[in-house]
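In the working numbering, each residue carries its 1-based index in the sequence shown increased by 2. Glycine is no exception: its CB is placed at the ideal position from the N, C-alpha and C atoms. None of these values were measured; they are calculated from a predicted model.
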Amino acid sequence: MPSPLAGKRCLITGASRGLGRELARELARVGGELFLTARDEEALARLGTELQATWAAIDLADAAAVDHLAEEARSTLGGIDALINCAGVFPVSTLADTDLATYDHCFSVNVRAPFQLCRAFAPDMAQRRWGRLVNIGSSSAYAGYKDTSVYCASKHALLGFSRALHDEFKAHNVRCYCVSPGSIQTDMGRHVRGQDFSTFLDPVELATFIVELISQDGPMITEEVRVNRMVIR
Ligand SMILES: NC(=O)c1ccc[n+]([C@@H]2O[C@H](COP(=O)([O-])OP(=O)(O)OC[C@H]3O[C@@H](n4cnc5c(N)ncnc54)[C@H](OP(=O)(O)O)[C@@H]3O)[C@@H](O)[C@H]2O)c1
Numbered sequence: 003m004p005s006p007l008a009g010k011r012c013l014i015t016g017a018s019r020g021l022g023r024e025l026a027r028e029l030a031r032v033g034g035e036l037f038l039t040a041r042d043e044e045a046l047a048r049l050g051t052e053l054q055a056t057w058a059a060i061d062l063a064d065a066a067a068v069d070h071l072a073e074e075a076r077s078t079l080g081g082i083d084a085l086i087n088c089a090g091v092f093p094v095s096t097l098a099d100t101d102l103a104t105y106d107h108c109f110s111v112n113v114r115a116p117f118q119l120c121r122a123f124a125p126d127m128a129q130r131r132w133g134r135l136v137n138i139g140s141s142s143a144y145a146g147y148k149d150t151s152v153y154c155a156s157k158h159a160l161l162g163f164s165r166a167l168h169d170e171f172k173a174h175n176v177r178c179y180c181v182s183p184g185s186i187q188t189d190m191g192r193h194v195r196g197q198d199f200s201t202f203l204d205p206v207e208l209a210t211f212i213v214e215l216i217s218q219d220g221p222m223i224t225e226e227v228r229v230n231r232m233v234i235r
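Structure follows, in structure tokens:
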């Protein structure tokens, strides 16, 4: 049985490394047609060659560049059927040491860019009556952890945004998900303090799970998922 994602045009942010790169590999494996983005041109070029995918390097903190990216992805692939907002930043500092620039940057990448891209593509998906809006949240969407107040706030915001889009677009057969993992074995995971990196989620296993989740195409949906690791002692 071919995947419901086969032949679907997918835009993946944060594709240069970590979870985004593994999501790109898994979406390519099930037959998606991919447009990749992040800032690191070399990494994107390598992955683009590996997966025969189009890519564009941009900084998601630049609102005008995000709008331009949406136009480029649309004109290159002729439209986007699945948007995967995976890029994220994880500022770690006490409240006293967190300045306004850090707040603005974190919200620009973690919340504003997903908002811009969902706004750019959701109406087309609704018109075609098929679509996937996938926002990668975090355990920090459900809890507050010290020294990461702005990150926690941004992921709570992304969860609220996703819940609203789920409700707004479900009648149009556009499924909006917020997938919220615990710590993952990626570059970002290395900045998580006080936990054992070797026990963190495997990004390949997680990507396989997410693609399976968003492949479900029947009358049932699991739009909000928390994914945590089993640490068996
Ligand atoms: N790692 C964890 O423990 C963990 C836990 C829960 C949730 N998450 C979430 O999972 C998602 C993926 O994280 P990860 O662990 O894969 O992180 P990662 O390895 O640090 O990768 C982050 C990705 O985001 C991109 N990115 C960062 N800033 C960007 C910017 N200004 N413009 C464009 N792209 C930017 C990076 O690409 P460039 O550097 O090339 O721009 C990279 O591809 C994030 O949303 C994160 O919040 C992670």
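Expressed to the nearest angstrom, what Euclidean distance is found between the alpha-carbon atoms of cysteine 120 and threonine 150? Residue mapping note: residue 120 aligns to position 118 of the sequence shown, counting from 1. Residue mapping note: residue 150 aligns to position 148 of the sequence shown, counting from 1. Cα to Cα, cysteine 120 sits roughly 26 angstroms from threonine 150.
Whole angstroms are fine: how far does the CA of glutamine 54 sit from the CA of glutamate 43? One-based indexing of the sequence shown puts residue 43 at position 41. One-based indexing of the sequence shown puts residue 54 at position 52. Their Cα atoms are separated by approximately 15 angstroms.
Quick one: is the Cβ of isoleucine 138 within less than 7 angstroms of any heavy atom of ligand 1? The sequence position of residue 138 within the sequence shown is 136, counting from 1. Yes, ligand 1 has a heavy atom inside 7 angstroms of this Cβ.
What are the partner residues of tryptophan 57, as DSSP defines its beta bridges? Taking the sequence shown and counting its residues from 1, the one referred to as residue 57 is at position 55. Tryptophan 57 has Leu38 as its beta-bridge partners, per DSSP.
I want to check one thing, is the minimum distance from the CB of leucine 62 to the heavy atoms of ligand 1 below 7 angstroms? Against the sequence shown, residue 62 aligns to sequence position 60. Answer for leucine 62: yes, Cβ within range of ligand 1.
Between the segment 98 to 108 and the segment 26 to 44, are three or more C-beta pairs nearer than 8 angstroms? no
Tell me whether arginine 41 counts as near ligand 1, meaning its Cβ is closer than 7 angstroms to at least one heavy atom of that ligand. Your numbering for residue 41 matches position 39 in the sequence shown. Flag set: Cβ of arginine 41 near ligand 1.
What residues in its chain sit with their C-beta under 8 angstroms from that of glycine 50, if we drop five residues either side in the sequence? Position 48 of the sequence shown, counted from the first residue, corresponds to residue 50. Taken in chain order, the residues that qualify are Leu38, Thr56 and Trp57.
Out of curiosity, what's the CA-to-CA distance linking lysine 10 and aspartate 219? The residue you call residue 10 lines up with position 8 of the sequence shown. The residue you call residue 219 lines up with position 217 of the sequence shown. Distance between the alpha carbons of lysine 10 and aspartate 219: 13 angstroms.
Is there at least one non-hydrogen atom of ligand 2 closer than 7 angstroms to the beta-carbon of phenylalanine 202? Judged by which ligands are present, ligand 2 is missing from the structure shown, whose ligands are ligand 1.
Contained alpha helix (DSSP H) runs [length at least 4] in the segment 88 to 138, N- to C-terminal order: 102 to 109 and 115 to 130
Glycine 33 beta carbon less than 8 angstroms from that of cysteine 88: Position 86 of the sequence shown, counted from the first residue, corresponds to residue 88. Position 31 of the sequence shown, counted from the first residue, corresponds to residue 33. It is not a contact, given that the beta carbons lie outside the stated cut-off.
For arginine 228, the residue or residues it bridges with in DSSP: Along the sequence shown, read from residue 1 onward, the residue named residue 228 stands at position 226. Partner(s): Ser182.
CB of phenylalanine 202 within 8 angstroms of CB of isoleucine 186, strictly: Looking up residue 202 in the sequence shown gives position 200. Looking up residue 186 in the sequence shown gives position 184. Yes, they are a contact pair.
By Cβ distance, which residues of its chain are closer than 6 angstroms to leucine 161, with the 5 residues on each side in sequence left out? Residue numbering aside, residue 161 sits at position 159 when the sequence shown is read from its first letter. Gly139, Ala143 and Cys180.
Does leucine 46 pass the burial test, meaning 16 or more other C-beta atoms within 10 Å, or should it be called exposed? Counted from its first residue, the sequence shown places residue 46 at position 44. With 16 or more Cβ atoms within 10 Å of its Cβ, leucine 46 is classed as buried.
Are there any heavy atoms of ligand 1 lying less than 7 angstroms away from the beta-carbon of cysteine 88, as far as the coordinates show? In the sequence shown, the residue the question calls residue 88 occupies position 86. Correct: cysteine 88 has its Cβ closer than 7 angstroms to ligand 1.
Over the uninterrupted alpha helix (DSSP H) stretch that includes threonine 78, give me the two end residues. Stepping through the sequence shown from its first residue, residue 78 is reached at position 76. Here the alpha helix (DSSP H) through threonine 78 covers 65 to 79.
Proximity to alanine 8 [Cα-Cα], best of Ala17, Asn137, Leu36 and Asn112: Here residue 8 corresponds to residue number 6 of the sequence shown, with the count starting at 1. Nearest C-alpha to alanine 8: Leu36.
Can you find the residues in the same chain that come closer than 6 angstroms, C-beta to C-beta, to serine 225, ignoring five residues on each side of it along the sequence? Working through the sequence shown from its first residue, we reach residue 225 at position 223. As written in the sequence, residue 225 is glutamate, which differs from the serine given in the question. Here the set comprises His168 and Tyr179.
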